[in-house]
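All remarks here apply to the structure that follows.
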Amino acid sequence: MATAATGGGTAGVVRPARPIWGRDHDAAVLAQAQANAERCGVGDRLSFTIGDLEDLTAPADQGILICNPPYGKRLGEVEALIPFYRRLGDIFKQRFQGWTAYILSGSPELSKQVGLRASRRFEVYNGSLPCRFLKFELY
Numbered sequence: 003m004a005t006a007a008t009g010g011g012t013a014g015v016v017r018p019a020r021p022i023w024g025r026d027h028d029a030a031v032l033a034q035a036q037a038n039a040e041r042c043g044v045g046d047r048l049s050f051t052i053g054d055l056e057d058l059t060a061p062a063d064q065g066i067l068i069c070n071p072p073y074g075k076r077l078g079e080v081e082a083l084i085p086f087y088r089r090l091g092d093i094f095k096q097r098f099q100g101w102t103a104y105i106l107s108g109s110p111e112l113s114k115q116v117g118l119r120a121s122r123r124f125e126v127y128n129g130s131l132p133c134r135f136l137k138f139e140l141y
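Last residue of the sequence shown: number 141 in the working numbering, and the count goes up by one each step with no gaps.
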């Protein structure tokens, strides 16, 4: 079926108005993300960089940050991740004023450690794992 938006019988792909970056400290994870983007036909619209949380800075005055930090599914891992989540919240507050941040979290206990109040909560699944997708307005 033809559509007025694309002028043809196929769906059009809209280029994002702003750049989209992916970042992780693990090169293998980034290689998989790039391969997934290529398979989806959007590899040329995304850029991936390796880096540590401590080096993360806002590339613009405003934007949207989405992260999927580790959940700590095994016994003892949650306690070990508490400092990471606290630091993530500190970095959001210090370096990303004017942004909106989303965290995909499989651990309500760790989500609380961010130290920010979520403006929205969405119940979702990451595979078979029940999670929350939390929205934070950063001022």
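Quick reminder that beta carbons are idealized off the backbone N, C-alpha and C, glycines included.
Those residues which DSSP pairs with residue i across a bridge
i	result
A103	L67 and F138
L58	None, per the DSSP bridge assignment.
P132	Y127
I52	D26
R122	K137
CB-CB length for residue i against residue j, believed under 8 Å
i	j	result
A103	L48	Going by Cβ atoms, the distance from A103 to L48 rounds to 19 Å, so no, they are not a contact pair.
L118	F94	7 Å
C-alpha distance - residue i paired with residue j, whole-angstrom precision
i	j	result
L106	N128	9 Å
D46	V31	18 Å
Y87	V80	10 Å
H27	Q64	23 Å
Q96	L58	11 Å
R76	C133	16 Å
A82	C69	19 Å
F135	I22	19 Å
Contact check, residue i vs residue j, beta carbons under 7 Å
i	j	result
S121	K137	yes
G2	A33	Residue 2 is absent from the model: the chain starts at 3 and stops at 141.
Y73	S130	no
V116	G100	no
F98	A62	no
Contact set for residue i: own chain, Cβ-Cβ below 7 Å, skip 5 residues either direction
i	result
C42	none
Contact set for residue i: own chain, Cβ-Cβ below 6 Å, skip 5 residues either direction
i	result
R89	none
Beta-carbon contacts of residue i that lie in its chain and below 8 Å, excluding the five residues immediately before and after
i	result
L140	F94, K95, F98, Q99, G100, W101, T102, A103 and L118
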